[in-house]
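Chains as they are written, first to last, in our numbering: chain A, 8 to 274; chain B, 8 to 256.
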């Protein structure tokens with residue numbers, strides 16, 4: 008991967024964000040709405056349960072972490088969609104830019120935009136609802152990295168799906184985090200789920216993150232077994248997503264999909 | 008002189024359709040080669056393969072000594088293109104588009120190169136304007152400026168003057184001839200404007216049904232085939248190629 012080429016992909020997104028507040032606003036607005044909504048739900052539930060249970064850390068923290076994963080995924084896919092919407096594929100891919108350069112640029116854009124959302128969420132959760140990220144301790148840091156890698160994997164997979172099926176398949180991509188959320192136990196232990204849902208949940212890296220988060224909140228300390236599973240699975244998913252993208256890209260080269268990419272041409 | 012583009016036994020098949028059927032040609036440094044033919048002849052398919060966005064069924068493409076199948080990135084760093092059907096992103100300004108693509112091509116002294124191209128293509132008033140709000144002629148000039156960013160050794164132009172007024176088109180033709188002569192770039196030029204092709208191109212390739220039916224210098228082809236003009240020859244060849252009993256070559 009050549010840095011200047013990946014940086015060009017990031018620069019394009021930076022220009023778009025700087026020139027268009029309507030692109031910038033949703034990155035902050037939606038996560039802010041989530042934090043406000045769940046913040047008040049948590050406050051109400053805390054009033055019912057009393058101070059014995061740390062609902063702020065377990066519920067509001069879960070919302071924050073899950074939104075972070077969604078933001079990372081959307082950061083990657085939205086950067087790709089900008090090229091879809093402006094029909095820029097021919098200009099982009101008929102250059103020395105490699106797939107690694109392009110994906111590197113999309114991922115770097117995802118990092119930037121998701122950090123922006125994370126800062127907004129943390130600011131709101133801390134100042135309004137008394138949430139403290141330090142309550143988790145340093146043990147949560149690698150789990151956040153796992154969520155980040157999973158978000159990138161979902162983003163890369165999403166772009167591969169849209170490249171293969173065409174721009175009209177965009178609507179398939181946005182609900183992916185919502186579809187996964189019941190299986191990964193964002194708000195409840197995996198043991199709550201029926202066995203078939205648990206089986207799916209155990210194959211998804213975020214499940215281990217939320218199990219670990221609840222264990223940490225309950226004072227059980229770091230969870231090396233859960234961390235090892237989460238890291239292994241997230242690395243495997245990242246490799247698989249990149250492999251799928253490369254396969255779809257080669258298919259697009261073979262069939263001429265890139266040269267004539269439009270909602271009508273893809274099938 | 009080593010060719011900047013070598014196309015050898017190139018084929019592209021979509022199912023039963025032979026879009027490009029075993030064509031071979033070269034473009035040498037400083038040479039402008041016209042690729043002409045009726046709609047659906049295989050011109051854009053050929054250009055897409057040279058640009059690396061469409062994989063050939065068989066055959067080889069070499070740009071400035073780099074085989075595009077094996078060294079795609081190096082090959083494409085030596086080339087650039089402008090096509091009427093590939094405008095630059097309309098939501099970036101002229102300068103932003105040139106900067107993004109300049110970085111992708113690894114252009115040295117990029118700011119100075121952008122200033123130079125913006126002046127050369129009369130884009131100073133539009134420098135800070137979003138590309139999407141420009142007239143089609145202005146957008147074409149931006150696309151051409153992008154195509155010159157990396158001083159390409161091979162320039163691919165697909166209908167470059169399709170939406171430009173005659174005066175601007177003439178200036179652009181003159182400019183591209185200069186680029187070929189002074190910078191030694193090889194140019195592959197597709198157009199339906201036979202007057203333009205006759206004026207600009209050193210050599211013409213007539214493509215029909217994916218095959219090269221005729222090849223040669225415009226004046227020589229007109230003389231050999233006793234045609235009144237290149238346009239007359241084009242119409243004759245196109246009609247004969249549609250007639251299974253006809254023989255064009």
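Ideal Cβ positions, reconstructed from N, Cα and C, are used throughout, including at glycine.
- Following the DSSP letters along the chain, one finds residue 87(B) in no alpha helix (DSSP H) but inside the beta strand (DSSP E) bounded by residues 86-90.
- Inter-segment contact for the stretch 83-97 of chain B and the stretch 79-99 of chain A is present: three or more beta-carbon pairs are separated by less than 8 Å.
- Distances from the CA of residue 210(B) to each of 67(B), 197(B) and 119(B) were compared; the closest alpha carbon is that of 197(B).
- Excluding residues up to 5 positions away in sequence, 168 and 180 lie with their Cβ nearer than 7 Å to the Cβ of residue 203(B) in the same chain.
- The Cβ atoms of residue 225(A) and residue 112(A) do not sit closer than 8 Å to each other.
- Cα atoms of residue 23(B) and residue 167(A): separation of roughly 27 Å, rounded to the nearest angstrom.
- Between residue 90(A) and residue 38(A) the beta-carbon gap is near 25 Å, outside 8 Å, which marks them as no contact.
- Residue pairing by DSSP places residue 33(B) opposite 13(B) in a beta bridge.
- Excluding the 5 residues flanking it on each side, residue 218(B) has same chain C-beta neighbours closer than 6 Å at 28, in chain order.
- Contact annotation: the stretch 244-259 of chain A does not touch the stretch 159-166 of chain B, with fewer than three C-beta pairs closer than 8 Å.
- Taken through DSSP and simplified to helix, strand or coil, residue 199(A) comes out as helix.
- Relative to residue 129(A), the option among 35(A), 27(A) and 18(A) whose CA is nearest is 35(A).
- Burial of residue 217(A) is indicated by the presence of at least 16 other C-beta atoms within 10 angstroms of its C-beta.
- Assigned with DSSP and collapsed to three states, residue 51(A) falls in helix.
- At a cut-off of 8 Å between beta-carbon atoms, residue 55(B) makes contact with chain A.
- Not flagged as an interface residue toward chain A: residue 207(B), since no C-beta distance is shorter than 8 Å.
- In this structure, residue 18(A) and residue 107(B) form a Cβ contact; the two beta carbons are roughly 6 Å apart against a cut-off of 8 Å.
- Residue 254(A) has a beta carbon lying at 8 Å or more from every beta carbon in chain B.
- Excluding sequence positions up to five before and after residue 126(B), its CB lies less than 7 Å from no other CB in the same chain.
- Look at residue 61(A): its C-beta is not under 8 Å from any C-beta on chain B.
- For residue 219(B), the enclosing beta strand (DSSP E) begins and ends at 218-223.
- Of all residues in the stretch 255-267 of chain A, those with a C-beta nearer than 7 Å to a C-beta of chain B are 260, 261, 263, 265 and 266, reading in chain order.
- For residue 33(A), the closest alpha carbon among the candidates 127(A), 16(A) and 114(A) is that of 127(A).
- Assignment of residue 99(A) by DSSP, reduced to helix, strand and coil, places it in the helix class.
- Taking 8 Å as the cut-off, the beta carbon of residue 11(B) is found closer than this to the beta carbon of residue 193(B).
- Contacts between residue 12(A) and chain B, judged by CB atoms closer than 8 Å, involve 110, 111 and 113 in chain order.
- Burial of residue 111(B) is indicated by the presence of at least 16 other C-beta atoms within 10 angstroms of its C-beta.
- Residue 163(B): not part of any alpha helix (DSSP H); member of the beta strand (DSSP E) spanning 161-165, first to last residue.
- With fewer than 16 other beta carbons inside 10 angstroms of its own, residue 118(B) counts as exposed.
- Beta-bridge partners assigned by DSSP to residue 210(B): 40(B).
- Counting only Cβ-Cβ distances below 9 Å, residue 95(B) has contacts in chain A at 93, 95 and 98, in chain order.
- Per the Cβ contact rule, the stretch 50-63 of chain B is not in contact with the stretch 61-81 of chain A (fewer than 3 Cβ pairs under 8 Å).
- In the DSSP assignment, residue 195(B) falls within the beta strand (DSSP E) that extends over 193-197.
- In the DSSP assignment, residue 145(A) falls outside any beta strand (DSSP E), carrying neither H nor E.
- In the three-state DSSP reduction, residue 61(B) falls in the coil class, being neither helix nor strand.
- Pairing residue 251(A) with residue 164(A), the inter-Cα distance amounts to about 7 Å.
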